[in-house]
Amino acid sequence: MKGKLKLGTKILKEGGWENVFKQIFGQNEGEEQLLKASQCYLSTTTGPIAGILFISTLKVAFCSDMPIAVHAPCGKLLIRWPYKVHIFIMIESKLLR
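To convert, note that position 65 of the sequence shown is 65 in full-length UniProt numbering; the numbers rise steadily by one, no gaps.
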């Protein structure tokens with residue numbers, strides 16, 4: 001529940017899904033258009049990761065709600081950052097109509 005409230009706050013603060021997408025992944029002005037955004041879970045070998053799935057005219061992208069932690073072999077925490085995945089695609093403009 002806490003994650004959904006945090007996500008809702010972020011969307012309102014940034015001014016909508018489009019602005020959240022631009023902030024996280026950047027956007028090619030004029031070339032790329034956000035088609036759909038949805039909260040989902042990405043299945044990984046270490047378990048599901050909650051986040052947002054974005055579908056645009058140029059890519060399918062996922063960003064986790066919470067940052068993942070990377071540890072050194074000795075166990076010391078090195079860094080935390082959001083889990084991001086980009087898959088670049090090209091959707092013909094005819095399909096958008």
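For every residue, glycine included, the Cβ atom is placed at its ideal position computed from N, Cα and C.
Classify residue i: buried if its beta carbon has 16 or more other beta carbons within 10 angstroms, exposed otherwise.
i           : result
V70         : exposed
S43         : exposed
K76         : exposed
residue 101 : For residue 101 there is no data in the structure shown, the boundaries of the chain being 1 and 97.
residue 179 : Absent from the structure is residue 179, since the part of the chain shown begins at 1 and ends at 97.
Rank the options by C-alpha distance to the C-alpha of residue i and give the top, closest one.
i   : options               : result
T46 : Y83, F88 and I87      : Y83
C40 : E31, E32 and A50      : A50
S38 : F62, G30 and I52      : I52
P67 : W81, L58, V60 and A61 : W81
Would you kindly check if the distance between the Cβ of residue j and the Cβ of residue i is under 7 Å?
i   : j   : result
L34 : E18 : yes
S64 : E32 : no
Would you please state the rounded distance, in angstroms, between the beta carbons of residue i and residue j? I believe it to be under 8 Å.
i   : j   : result
F88 : F54 : The Cβ separation is near 13 Å, so there is no contact.
Closer than 6 Å: is that where the CB of residue i sits relative to any heavy atom of the ligand MN?
i   : result
G51 : Of the ligands one can find in the structure shown there are none, so the ligand MN has no counterpart to examine.
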